[in-house]
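Each remark here refers to the structure printed beneath this line.
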Amino acid sequence: MTIKSATSSSATPPLRQFKDLPGPRPWPLVGNALQIKLSRMHQDIEDWAQQYGPIFKMHLGPTKVLVIADHQIETALLKDRPDSFRRPKQLVDTLEEMGLQSGLLTAEGQTWKDQRRMVMASLSANNVRSYFPSLLKVTKRLQGRWLNAVDTDTTIDLQADFMRFTVDAIAGLSFGSDINTLETDDDEIQRHLDKILPTLFKRVNALVPYWRIIKSPADRQLDRSVALVNESINGFIEKARARLDSDSARREQPQNLLESMLVAADKSDSGVNNNDVAGNVITMLLAGEETTATTLSWLIYLLKRNPEALKCAQQEVQSILAELDDDLDSLTPEKLNELKFIEACTLETLRLKPTGPFDVLVALEDTEVAGIAVPKGMWIWVVCRHDTLAEHYFPDPKAFKPQRWLKTEDNDLAQSRRVSMPFGSGPRICPGRYLAMLEIKLAMVMLLKNFDIESVDTPDGGEAKEIMSITMNPVGLTMKLQKRL
Ligand code: HEM
Numbered sequence: 000m001t002i003k004s005a006t007s008s009s010a011t012p013p014l015r016q017f018k019d020l021p022g023p024r025p026w027p028l029v030g031n032a033l034q035i036k037l038s039r040m041h042q043d044i045e046d047w048a049q050q051y052g053p054i055f056k057m058h059l060g061p062t063k064v065l066v067i068a069d070h071q072i073e074t075a076l077l078k079d080r081p082d083s084f085r086r087p088k089q090l091v092d093t094l095e096e097m098g099l100q101s102g103l104l105t106a107e108g109q110t111w112k113d114q115r116r117m118v119m120a121s122l123s124a125n126n127v128r129s130y131f132p133s134l135l136k137v138t139k140r141l142q143g144r145w146l147n148a149v150d151t152d153t154t155i156d157l158q159a160d161f162m163r164f165t166v167d168a169i170a171g172l173s174f175g176s177d178i179n180t181l182e183t184d185d186d187e188i189q190r191h192l193d194k195i196l197p198t199l200f201k202r203v204n205a206l207v208p209y210w211r212i213i214k215s216p217a218d219r220q221l222d223r224s225v226a227l228v229n230e231s232i233n234g235f236i237e238k239a240r241a242r243l244d245s246d247s248a249r250r251e252q253p254q255n256l257l258e259s260m261l262v263a264a265d266k267s268d269s270g271v272n273n274n275d276v277a278g279n280v281i282t283m284l285l286a287g288e289e290t291t292a293t294t295l296s297w298l299i300y301l302l303k304r305n306p307e308a309l310k311c312a313q314q315e316v317q318s319i320l321a322e323l324d325d326d327l328d329s330l331t332p333e334k335l336n337e338l339k340f341i342e343a344c345t346l347e348t349l350r351l352k353p354t355g356p357f358d359v360l361v362a363l364e365d366t367e368v369a370g371i372a373v374p375k376g377m378w379i380w381v382v383c384r385h386d387t388l389a390e391h392y393f394p395d396p397k398a399f400k401p402q403r404w405l406k407t408e409d410n411d412l413a414q415s416r417r418v419s420m421p422f423g424s425g426p427r428i429c430p431g432r433y434l435a436m437l438e439i440k441l442a443m444v445m446l447l448k449n450f451d452i453e454s455v456d457t458p459d460g461g462e463a464k465e466i467m468s469i470t471m472n473p474v475g476l477t478m479k480l481q482k483r484l
């Protein structure tokens, strides 16, 4: 697999041209856009990869899109950022048009490099350790909510409760103030944030920017929500600055993401300012909430359908807690790190149900991708769930087998990790992956210590359906719990 500048390939065979690639037949003007349903766009394109092979073409309106469903090519592309490929400009344009500051997810070039340094510092192992008490507090609130559900014989809406959990965890850390949607069932800022993600997904994928022609009541509500969110973030930044100014010890050991980012931004050569911090507060929320909540929902769904794996996970939790006298408060990030089976279950969940089943890149220069000429500006659609479901890489690929992620002589873990990349790869790999894993393990320890899972159901009793929003979510999962005796 090669990716190199088109000008350096004079001695090599002629490049294949986009027009010569296989692919679904485009319709006039709209191309293949109307052959894809937004809510299942990932599956439609995965199906085309089965039909046309791992490299094919499609047209989204006037945009030519090279589709790649091969992990080796994917890795090389992801590595070649930010210099040769970027995320589509539509993403940052749409965010900014909505009135939001952009952050790491949408930054490019030197701005990305400066912001990445700041965000990585705020998510360092040392800082994440100091966030641990507040994650534990939020986990206990989820426990209280579920104990109440058992006492009142209430069915739990899995995704909604995990969204509350991750919102409280990430928003608390990002804002540096206690956000409590788990106990109050409501939080004003979260209600406004909830409007932002679905609109972003719809607008980025819209063929016609209808909101510029006529604003619906929902569009006007969005404007109000964005204004309120921005105002709140500026308020949180001011308060965090005041805390840091009045307590110099806090600069050494910041207590939340916002304080860490401000400390990193204040370094003389940081290249970032208050606006970048504001943009990254919102970015943490957008990138860190739904991804983690969705992974937890899929994980529990898959565990309930695989009783052997569920039993192993329960035993692992029991044995770790036994060393701590069954006391959740004695947990530490290091202790959670010992939960290798639950980690394996999470990796297996992300293989089968990745929160981001595709990625989109744009070429910054004329180049070559796997022997195909790619002009500057061409879109490349990376299908992440293709090789991950191939028998060749993962025998019995559709089965949930966490054991494949355990360190054993039979498992080639390095190869498995090269093929399944749920957190991305290369310089832009997810900076929140350790924090996410910590949240997932905490939630699982709390669940498996206190409860037996009576049922996890789908609306129609069949397999859980996938719906693509900003992440790939399960539709309508509900859970019933019993207290563990
Ligand atoms: C299970 C949970 C999560 C999954 C599956 C996930 C997945 C991803 C993926 C696939 C990317 C793109 C990587 C690439 O382009 O190579 C990404 C980027 C990112 N994620 Fe996560 N993520 C998760 C949790 C989090 C959390 C908890 C945070 C923050 C607290 C976070 C913050 C970010 C940010 C800021 C980026 C952009 C990085 C950049 O462009 O440099 N994510 N994530």
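Counted the way numbering that gives the first Met the number 0 counts, the sequence shown spans residues 0 to 484.
Beta carbons: idealized from backbone N, C-alpha and C, even for Gly.
These figures come from a predicted structure and were not determined experimentally.
Does DSSP put Asn336 in a helix, a strand or coil? helix
Gln481 lies in the beta strand (DSSP E); which residues open and close that run? Thr477 to Lys482
Just to confirm, does Val118 get its C-beta within under 7 angstroms of one of the non-hydrogen atoms of the ligand HEM? yes
Of the listed residues Val127, Ser101, Ala463 and Leu257, nearest to Gly175 (C-alpha basis): Among Val127, Ser101, Ala463 and Leu257, the Cα nearest to that of Gly175 belongs to Leu257.
Contact check, Leu338 vs Lys440 under 8 angstroms by CB: the rounded distance? 5 angstroms
Got a sec, what are the start and stop residues for the beta strand (DSSP E) Glu453 sits in? Phe450 to Asp456
Just confirm the distance between the C-beta atoms of Gly431 and Ala286, as a whole number of angstroms; I'd bet it's less than 8 angstroms. 7 angstroms
Below 8 angstroms CB to CB, which residues in the same chain sit around Val316 once its five sequence neighbours on both sides are set aside? Leu338, Ile341, Met443, Val444, Leu447 and Lys448
Give the straight-line distance between the Cα atoms of Leu346 and Ser245, rounded to the nearest whole angstrom. When rounded, the distance between both Cα atoms is 43 angstroms.
CA-to-CA distance, Pro306 to Ile466, given in whole angstroms: 25 angstroms
Pro421 CB to nearest heavy atom of the ligand HEM below 7 angstroms: yes
Can you say whether Gly234 is buried or exposed, counting buried as having 16 or more other CB atoms within 10 angstroms of its CB? exposed
Collapsed DSSP secondary structure at His391 in the structure displayed: coil
Since Ile155 sits in a beta bridge, which residues does DSSP pair it with? Met478
Is any heavy atom of the ligand HEM found at a distance shorter than 7 angstroms from the C-beta of Gly270? For Gly270, the shortest C-beta to heavy atom distance toward the ligand HEM is 7 angstroms or greater.
If the criterion is Cβ atoms closer than 8 angstroms, does the pair Trp404 and Val66 meet it? no
Around the C-beta of His58, are 16 or more other C-beta atoms found within 10 angstroms, so that it is buried, or is it exposed? Classified as buried, His58 has 16 or more neighbouring CB atoms from the shown chains inside 10 Å of its CB.
When burial is assigned at 16 or more other CB atoms within 10 Å of the CB, is Lys36 buried or exposed? Under this definition Lys36 is an exposed residue.
Extent of the continuous beta strand (DSSP E) to which Glu505 belongs: Residue 505 lies beyond the range of the chain shown here (0 to 484); nothing can be said about it.
If we count the other Cβ atoms within 10 Å of its Cβ and call it buried at 16 or more, is Thr291 buried or exposed? By the Cβ neighbour-count rule, Thr291 is buried, with 16 or more other Cβ atoms within 10 Å of its own.
Note down, in chain order, each residue of its chain lying with its Cβ closer than 8 angstroms to the Cβ of Asp328, except the 5 sequence neighbours on either side. Leu135
Is the beta carbon of Met119 closer than 8 angstroms to that of Ser269? no
Quick one: grab the DSSP three-state call for Asp82. coil
Would you report the Cα separation of Val361 and Leu77, rounded to the nearest angstrom? 11 angstroms
Which class does Gln317 belong to by DSSP, given the choice of helix, strand or coil? helix
Ordered along the chain, which non-local residues of its own chain (more than five positions away) have a Cβ less than 7 angstroms from that of Gln220? Lys194
Given Leu476 as reference, the closest of Lys400, Arg416, Tyr300 and Ala343 once Cα atoms are compared: Tyr300
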